[in-house]
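Counting in my numbering, the sequence shown tops out at residue 238, every number present.
Glycine residues also receive a C-beta, built at the ideal position from the N, C-alpha and C atoms.
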Amino acid sequence: MKKRLIYSRFVKRAIDFFCALVGLLIIFPLFLIITLLVKADSKGPAFFIQERLTLNGSIFNMYKFRTMIVNAEKQGTGAYSFENDPRITRVGRILRKLSLDELPQAINILKGDMSIIGPRPILTYHPCKYDEYNADEKKVFTVRPGITGWAQVNGRNTVDWVKRFELNEWYVDNISFTLDFKIFVRTVVQVFSRKEIEIQEETATVFKERKKEESSHV
Numbered sequence: 021m022k023k024r025l026i027y028s029r030f031v032k033r034a035i036d037f038f039c040a041l042v043g044l045l046i047i048f049p050l051f052l053i054i055t056l057l058v059k060a061d062s063k064g065p066a067f068f069i070q071e072r073l074t075l076n077g078s079i080f081n082m083y084k085f086r087t088m089i090v091n092a093e094k095q096g097t098g099a100y101s102f103e104n105d106p107r108i109t110r111v112g113r114i115l116r117k118l119s120l121d122e123l124p125q126a127i128n129i130l131k132g133d134m135s136i137i138g139p140r141p142i143l144t145y146h147p148c149k150y151d152e153y154n155a156d157e158k159k160v161f162t163v164r165p166g167i168t169g170w171a172q173v174n175g176r177n178t179v180d181w182v183k184r185f186e187l188n189e190w191y192v193d194n195i196s197f198t199l200d201f202k203i204f205v206r207t208v209v210q211v212f213s214r215k216e217i218e219i220q221e222e223t224a225t226v227f228k229e230r231k232k233e234e235s236s237h238v
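Set out below in structure tokens:
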């Protein structure tokens, strides 16, 4: 338990900072090329900035390369996207398939907002607001969110919110260097083998309904 605490609080942060710094220096040419391609492909900024939750429910601005048209979250299915979603740009579709849209999150890692491995950062309002999560669910906010995580390599967006929280809670209880390395390797394999599958809106609805039932039994 003590070793796990030391790793999660100190060693993990040191590894994250070093890898993010070196990684940004190495991929800077690619970073620049993608920025120009996004700008040339559609009107709008190269980066998509969105508020997400990090440690203890604090809010931070998460950076990604923009893969959809401007204000896409206010159109169609809102926060959800799906295969062949017309809101996704041509360059954006390629970036998503190769997970290159996540590269700017290296900046979030340097700032201390995120980690390389951890539960994916959750929206401030979806599927619930921070205060609406129960004690077990809030466990996922006791570690920094990650670019990839245990839930990502065990179903990614094909699992509903209930299962996703269960997977992330298990990760927090079992965090270790060995587990993080295992997740990293499985993520690399997924990038080159997975199909583009996006979560459906009904999963968040089910999650909210379950929470209402919990409240009614308290």
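Inset, instruction - Could I get the ranges of all uninterrupted alpha helix (DSSP H) runs contained in the segment 137-182, with 4 residues as the minimum, in chain order? - result: Correct list: empty.
Legend entry - Spatially closest choice to Gly166 from Lys23, Arg72, Glu93, by CA coordinates: Nearest to Gly166 by alpha-carbon distance, out of Lys23, Arg72, Glu93, is Arg72.
Legend entry - For Ile79, the first and last residue of its enclosing beta strand (DSSP E): Taken as a continuous stretch (DSSP letters only), the beta strand (DSSP E) holding Ile79 covers 79-85.
Inset, instruction - Please classify Gln70: does DSSP put it in a helix, a strand, or coil? - result: Strand at Gln70.
Inset, instruction - Assuming Asn76 contacts Phe185 (C-beta within less than 8 Å), just tell me the rounded distance between them. - result: Incorrect: roughly 17 Å between the Cβ atoms, too far for contact.
Legend entry - Assumed close pair Ser135, Lys32 - CB separation to whole angstroms, cut-off 8 Å: Indeed, because the Cβ distance is near 6 Å, the residues count as touching under 8 Å.
Inset, instruction - Spell out the partners DSSP gives Ile108 in its beta bridges. - result: Answer by DSSP bridge pairing, in chain order: Met88.
Inset, instruction - Go through its chain and collect everything with a Cβ distance to Leu187's Cβ below 6 Å, but skip five positions before and after it. - result: Only Trp170, Ala171, Asn174 meet the Cβ criterion.
Inset, instruction - Can you tell me which of the three DSSP states Ser135 falls into? - result: Of the three classes helix, strand and coil, the one that applies to Ser135 here is strand, per DSSP.
Legend entry - Beta carbon of Leu57 nearer than 7 Å to that of Val111: Cβ atoms of Leu57 and Val111: closer than 7 Å.
Legend entry - Extent of the continuous alpha helix (DSSP H) run through Phe212: Counting along the chain, Phe212 falls outside any alpha helix (DSSP H), and DSSP gives it neither H nor E.
Inset, instruction - For Thr74, collect the residues of the same chain with a Cβ closer than 8 Å to its Cβ; drop the 5 residues on either side in sequence, then sort them by chain order. - result: Taken in chain order, the residues that qualify are Phe80, Asp133, Met134, Pro141, Phe161, Arg164, Pro165.
Inset, instruction - Could you tell me whether the Cβ atoms of Asp121 and Lys158 are closer together than 7 Å? - result: With contacts defined by Cβ atoms closer than 7 Å, Asp121 and Lys158 do not form a contacting pair.
Inset, instruction - Hey, could you find the ends of the alpha helix (DSSP H) Arg29 is sitting in? - result: No alpha helix (DSSP H) contains Arg29, which DSSP labels as neither H nor E.
Inset, instruction - Consult DSSP for Lys22 and reduce its assignment to one of helix, strand or coil. - result: Looking at Lys22 - three-state DSSP - the assignment turns out to be helix.
Inset, instruction - Under 8 Å by Cβ, that's how I've got Ile195 and Ser28 pegged, so tell me the actual separation to the nearest angstrom. - result: 5 Å between Cβ atoms; contact.
Inset, instruction - From the DSSP output, in three-state form, read off Ile239 for me. - result: With the chain represented from 21 up to 238, any question about residue 239 goes unanswered, as that position is not in the structure.
Inset, instruction - Taking only the alpha-carbon atoms, compute the straight-line gap between Gly43 and Ala126 and give it to the nearest angstrom. - result: As the crow flies, the alpha-carbon of Gly43 is around 8 Å from that of Ala126.
Legend entry - Sub-7 Å separation of Ile129 and Asp200 beta-carbons: When the beta-carbon positions are compared, Ile129 and Asp200 stay at least 7 Å from each other.
Inset, instruction - Pull up the distance between the alpha-carbon of Ala92 and that of Met21, whole angstroms please. - result: The C-alpha of Ala92 lies about 44 Å from the C-alpha of Met21.
Legend entry - Secondary structure of Pro124, DSSP reduced to three states: Three-state result, Pro124: coil.
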